[in-house]
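**Q** For any residue, its number in this note's numbering is found by taking its place in the sequence shown, counting from 1, and adding 6.
No residue lacks a Cβ here, since even glycine has one placed at the ideal position from N, Cα and C.
Computed from a prediction, not measured in an experiment: that's the story for all the values here.
One structure, pasted below without further comment.
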Amino acid sequence: MSEFEALGIQQWLSKQCAYMGLHQPTPIQKLCIPAILADKCVVGGAATGSGKTAAFALPVLQKLAEDPYGVFALVLTPSRELAYQILDQFVAFGAPFHVRAALLIGGVPHEQQLSVLQGRPHIVVATPGRLKFLLAHFTEASKAFSHLRFLILDEADRLTSDDIEDDVEDVVNRLPPARPTRRALLFTATLERRLMVVEDGGWLSRLGISVDKHHLEVHATNTVLSASDMASLGRIAGQDGSGDSVGTHSTVASSLRQTYLFIPNVVKLAYLVAALRSAGPDQTTIVFTNSCIRCEIVRLTLQLLGFPVCSLNSIISQKHRIDNLAQFKLGITRILVATDIASRGLDIPSVGLVMHYDIPKQATTYLHRVGRTARAGRDGLSVALVTEHDITLVKQIERKIRCTMKLWNAKGVDETSVLKLLDEVSGAKVQAKLQVEDQFGERAKTLKAHALMKRTRSGKENSTNDENTHERNNKRTKTMGIKQHGKKPSTVASNLYSVKSKTKKATTKTKKENKNLTKKKIHPSQYEAK
């Protein structure tokens with residue numbers, strides 16, 4: 007008997023796990039699989055890369071095989087890329103009985119999605135915005151979920167926060183009334199107290215979960231919380247609203263090295279280039295930024311400097327997002343420059359290095375970023391490029407994750423090496439900035455306005471004010487910041503021809519600034535790092 011069979015998984019599914027290279031269940035799988043098979047609602051929190059998707063996919067598929075009909079299970083997830091990945095895992099695990107799975111995400115014509123939904127697939131994986139649209143405008147979409155057995159929230163902390171929370175709540179309210187047999191499953195790498203509020207108005211009660219010990223189990227990594235502990239945590243979260251993570255200290259892989267590099271903001275991009283060259287051409291790296299435009303500028307600058315790079319953010323088309331992610335997974339490109347849509351759930355085991363070009367504003371975001379490396383027991387490295395403007399953020403993150411980042415020392419990443427790169431990097435950065443603003447400027451403004459309207463309608467004025475303040479701070483600190491994006495060099499050259507005069511003028515100005523910088527000999531040691 008295999009270890010999966012010992013958990014209650016049937017032989018046919020256990021063999022499929024072995025075929026896919028899964029021979030031993032992870033701790034979260036050992037805790038959650040028996041509970042789901044026993045018809046419990048489950049809230050699961052475990053480190054990134056610990057097999058949370060299989061923890062709910064395997065028991066759901068086994069239940070489906072016993073009584074196959076559609077739609078049997080609905081999985082809500084915050085990003086399109088994660089939705090594709092979850093769908094792939096359901097299809098792979100369910101291959102022996104030809105499971106039918108459907109994807110409902112934005113960027114795809116809703117007519118064909120509605121047609122697929124009418125075919126009653128067994129499993130539906132959806133992003134909240136697209137499913138909300140379908141449920142609101144098509145009664146047949148709502149009818150498809152009349153006999154739903156499982157409602158699953160993957161990355162539950164993200165789905166129940168910020169602007170996406172309203173869409174999720176709308177979806178839950180528009181679904182047909184829950185049958186007594188429907189079960190809700192919530193999984194996340196950062197299990198927050200607000201996810202365990204059991205009083206009226208809390209997310210568990212909204213999903214139809216009760217605190218009855220026979221109905222609910224909560225598993226946080228290797229710790230099982232009792233119903234009484236659950237209720238207690240619910241009352242605490244309901245009173246202070248702090249949203250502090252439960253067990254955050256255990257959500258980082260032990261094989262992960264967390265480091266920082268303290269640098270002046272004006273030469274951050276040059277340090278990134280030096281770091282990537284030091285890592286070597288075989289290193290698989292994700293570079294995280296805080297905005298779409300910055301992501302594209304960083305990507306294009308690296309492309310112009312000869313790096314094999316692609317990008318992932320919400321400003322590029324869905325087709326390009328899929329293509330870029332596929333290239334990165336296949337190793338065609340070794341560097342992925344991305345916003346935080348790539349920080350959650352994506353399972354790319356080969357990633358050995360995560361670089362934070364921009365420091366995230368939340369500790370939970372940082373945890374999800376570093377979770378892209380050191381997966382499944384592999385070693386991983388996280389490097390945060392910390393400038394004089396980021397010290398407070400870094401201290402907050404260290405306090406929340408209960409870990410102190412170590413200074414990163416790497417050959418070829420020092421003042422002398424960076425000063426030699428400045429002219430080359432600055433020239434490429436100027437070209438990239440002009441290209442990106444010309445190509446994506448209007449779309450970025452449209453998306454930003456749309457997001458602002460959505461937050462305003464939700465009455466979340468504080469979030470809007472924070473974003474505006476951050477944008478103003480970015481403008482002040484972008485004195486010589488370098489950003490990038492990438493297309494084929496020939497395409498870039500032809501597109502840049504129209505802005506040649508602007509580029510020449512701007513590059514001349516930048517070279518003068520670089521000479522002044524060289525004379526000043528700015529070095530990170532001149533600032534107080536800690």
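Give the list of continuous beta strand (DSSP E) stretches no shorter than 3 residues that lie fully inside the stretch 251–304.
**A** Qualifying beta strand (DSSP E) stretches, in chain order: 262–268, 291–294.
**Q** Taking buried to mean at least 16 other C-beta atoms within 10 Å of its own C-beta, is R405 buried or exposed?
**A** Counting from 1 along the sequence shown, the entry for residue 405 is found at position 399. Exposed, since its Cβ has fewer than 16 Cβ neighbours within 10 Å.
**Q** Quick one: grab the DSSP three-state call for F193.
**A** For the purposes of this step, residue 193 is taken as residue 187 along the sequence shown, with counting starting at 1. In this structure, F193 counts as strand in the three-state DSSP scheme.
**Q** Using only the alpha-carbon positions, how far apart do T145 and Q124 sit?
**A** To locate residue 145, count along the sequence shown from 1; it is residue 139. To locate residue 124, count along the sequence shown from 1; it is residue 118. Using only the alpha carbons, I get a separation of about 11 Å.
**Q** L352 and Q118 - do their beta-carbons sit closer together than 8 Å?
**A** Sequence index remark: in the sequence shown, residue 118 carries index 112 (1-based). Sequence index remark: in the sequence shown, residue 352 carries index 346 (1-based). No, these two residues do not count as a Cβ contact at 8 Å.
**Q** Could you check the C-alpha separation between K401 and V272 for me, to the nearest Å?
**A** Within the sequence shown, the letter at position 395 stands for residue 401. Within the sequence shown, the letter at position 266 stands for residue 272. Answer to the nearest angstrom: the Cα atoms are 21 Å apart.
**Q** With the cut-off set at 8 Å, would you say L201 and W209 are in Cβ contact?
**A** Here residue 201 refers to the residue found at position 195 when the sequence shown is read from its first residue. Here residue 209 refers to the residue found at position 203 when the sequence shown is read from its first residue. Contact: yes.
**Q** Would you mind working out which of A276, A108, E430 sits nearest A150, comparing C-alpha positions?
**A** The count along the sequence shown starts at 1 and reaches residue 150 at position 144. Out of A276, A108, E430, A108 has the C-alpha closest to the C-alpha of A150.
**Q** Less than 8 Å between CB atoms is the rule here; does V389 satisfy it with respect to chain B?
**A** Structure shown: chain B not included; a single protein chain is present.
**Q** Which same chain residues, not among the five before or five after T265, have their C-beta less than 6 Å away from its C-beta?
**A** As a first step, residue 265 is located in the sequence shown; it is residue number 259 there, counting from the start. The residues are V389, M411, K412, W414.
**Q** Count the other C-beta atoms from every protein chain shown that fall within 10 angstroms of the C-beta of H395, then say buried if there are 16 or more, exposed otherwise.
**A** Taking the first residue of the sequence shown as 1, we reach residue 395 at position 389. Burial call: exposed.
**Q** According to the Cβ coordinates, are T133 and K274 closer than 8 Å?
**A** On the sequence shown, residue 133 is found 127 positions in, with the first residue counted as 1. On the sequence shown, residue 274 is found 268 positions in, with the first residue counted as 1. Contact flag unset, no.
**Q** Hey, how far is the Cα of R188 from the Cα of N179?
**A** As a working mapping, residue 188 is identified with position 182 in the sequence shown. As a working mapping, residue 179 is identified with position 173 in the sequence shown. Computed Cα separation, rounded: 15 Å.
**Q** Excluding the 5 residues preceding and the 5 following I111 in the sequence, name in chain order all residues of the same chain whose CB lies nearer than 6 Å to its CB.
**A** Along the sequence shown, one-based indexing puts residue 111 at 105. Closer than 6 Å at the Cβ level, and outside the excluded window around I111, lie R86, A89, T133, R136.
**Q** Since A142 and H374 should fall inside the 8 Å C-beta cutoff, what is the C-beta to C-beta distance between them, to a whole number of angstroms?
**A** Taking the first residue of the sequence shown as 1, we reach residue 142 at position 136. Taking the first residue of the sequence shown as 1, we reach residue 374 at position 368. Going by Cβ atoms, the distance from A142 to H374 rounds to 30 Å, so no, they are not a contact pair.
**Q** Out of R106, K451, Q324, R381, which one is the CA nearest neighbour of R126?
**A** To locate residue 126, count along the sequence shown from 1; it is residue 120. It is R106 whose Cα lies nearest to the Cα of R126.
**Q** Looking at R340: is its Cβ nearer than 8 Å to the Cβ of T307?
**A** Along the sequence shown, read from residue 1 onward, the residue named residue 340 stands at position 334. Along the sequence shown, read from residue 1 onward, the residue named residue 307 stands at position 301. No, they are not a contact pair.
**Q** Which runs of the alpha helix (DSSP H) at least 4 residues long sit entirely within the stretch 12–69? Give them in chain order.
**A** Counting whole runs of 4 or more residues, the stretch 12–69 contains the alpha helix (DSSP H) stretches 17–25, 33–43.
**Q** Where does L458 sit, in a helix, a strand or coil, going by DSSP?
**A** Your numbering for residue 458 matches position 452 in the sequence shown. DSSP places L458 in helix when its eight states are reduced to three.
**Q** Can you tell me which of V304, S167, L154 puts its alpha carbon nearest to the alpha carbon of T345?
**A** Residue 345 sits at position 339 when you count from the first residue of the sequence shown. Nearest option by C-alpha distance: V304.
**Q** Sorted by chain position, which residues of the same chain lie with C-beta nearer than 8 Å to T524's C-beta, five sequence neighbours on each side aside?
**A** The count along the sequence shown starts at 1 and reaches residue 524 at position 518. Because T524 carries a pLDDT of 44, less than 50, the predicted location of this residue cannot be relied on, and no value is offered for it.
**Q** Less than 8 Å between the beta carbons of V49 and V177, yes or no?
**A** Taking the sequence shown and counting its residues from 1, one reaches residue 49 at position 43. Taking the sequence shown and counting its residues from 1, one reaches residue 177 at position 171. The answer is no: Cβ separation not under 8 Å.
**Q** As a quick exercise: from T59, L28, V174, pick the residue whose alpha carbon is nearest that of P84.
**A** Mapped onto the sequence shown, residue 84 falls at position 78. Per the Cα distances, V174.
**Q** Pop quiz: K58 and I34 are said to be a contact at Cβ under 8 Å. What is the actual Cβ separation, rounded to whole angstroms?
**A** On the sequence shown, position 52 is the one that residue 58 refers to. On the sequence shown, position 28 is the one that residue 34 refers to. Confirmed, Cβ separation roughly 6 Å.
**Q** Among G27, Q324, R263, H153, which one has its Cα closest to the Cα of D73?
**A** Within the sequence shown, residue 73 is the residue found at index 67, counting from 1. Minimum Cα distance to D73 is reached at H153.
**Q** Need the endpoints of the beta strand (DSSP E) that S317 sits in, please.
**A** Along the sequence shown, read from residue 1 onward, the residue named residue 317 stands at position 311. Looking at the DSSP string, the run of the beta strand (DSSP E) that includes S317 is 315–318.
**Q** What number of angstroms, rounded off, separates the C-alpha of Y75 from the C-alpha of H104?
**A** Residue numbering aside, residue 75 sits at position 69 when the sequence shown is read from its first letter. Residue numbering aside, residue 104 sits at position 98 when the sequence shown is read from its first letter. Cα to Cα, the separation comes out at about 12 Å.
**Q** For the putative contact between L93 and L278, defined by C-beta atoms under 8 Å, what is the C-beta separation to the nearest angstrom?
**A** For this step, residue 93 is matched to residue 87 along the sequence shown. For this step, residue 278 is matched to residue 272 along the sequence shown. L93 to L278, Cβ: 33 Å. No contact.
**Q** Residues in its own chain within less than 7 Å of T32 by CB, not counting five upstream and five downstream?
**A** Position 26 of the sequence shown holds residue 32. The answer, listed in chain order, is S56, G57.
**Q** In terms of DSSP beta bridges, what is S211 paired with?
**A** One-based indexing of the sequence shown puts residue 211 at position 205. Answer is none; S211 lacks a bridge partner.
**Q** Starting from Q131, follow its DSSP beta bridges and name the residues at the other end.
**A** Taking the first residue of the sequence shown as 1, we reach residue 131 at position 125. Per the sequence presented here, residue 131 reads as Val, with Gln not at that position. Its beta-bridge partners are V81, L109.
**Q** Look at the Cβ atom of S423, then the Cβ atom of A280, and state whether they are nearer than 8 Å.
**A** Here the question's residue 423 lines up with position 417 in the sequence shown. Here the question's residue 280 lines up with position 274 in the sequence shown. The answer is yes: Cβ separation under 8 Å.
**Q** Please report the Cβ distance between V343 and S317, rounded to the nearest whole angstrom; I am assuming they are in contact, meaning their Cβ atoms lie under 8 Å.
**A** Locating residue 343 in the sequence shown gives position 337, where the first residue counts as 1. Locating residue 317 in the sequence shown gives position 311, where the first residue counts as 1. Contact flag correct, Cβ pair sits at about 5 Å.
**Q** Can you tell me the Cβ-Cβ gap for A101 and Q30, rounded? I've got them flagged as a contact below 8 Å.
**A** On the sequence shown, residue 101 is found 95 positions in, with the first residue counted as 1. On the sequence shown, residue 30 is found 24 positions in, with the first residue counted as 1. 21 Å between Cβ atoms; not a contact.
**Q** Pick helix, strand or coil for S423, following the three-state DSSP scheme.
**A** Stepping through the sequence shown from its first residue, residue 423 is reached at position 417. If DSSP states are grouped into helix, strand and coil, S423 belongs with the helices.
**Q** Return the first residue and the last residue of the alpha helix (DSSP H) that F96 is part of.
**A** Sequence index remark: in the sequence shown, residue 96 carries index 90 (1-based). Segment 86–99, the alpha helix (DSSP H) holding F96.
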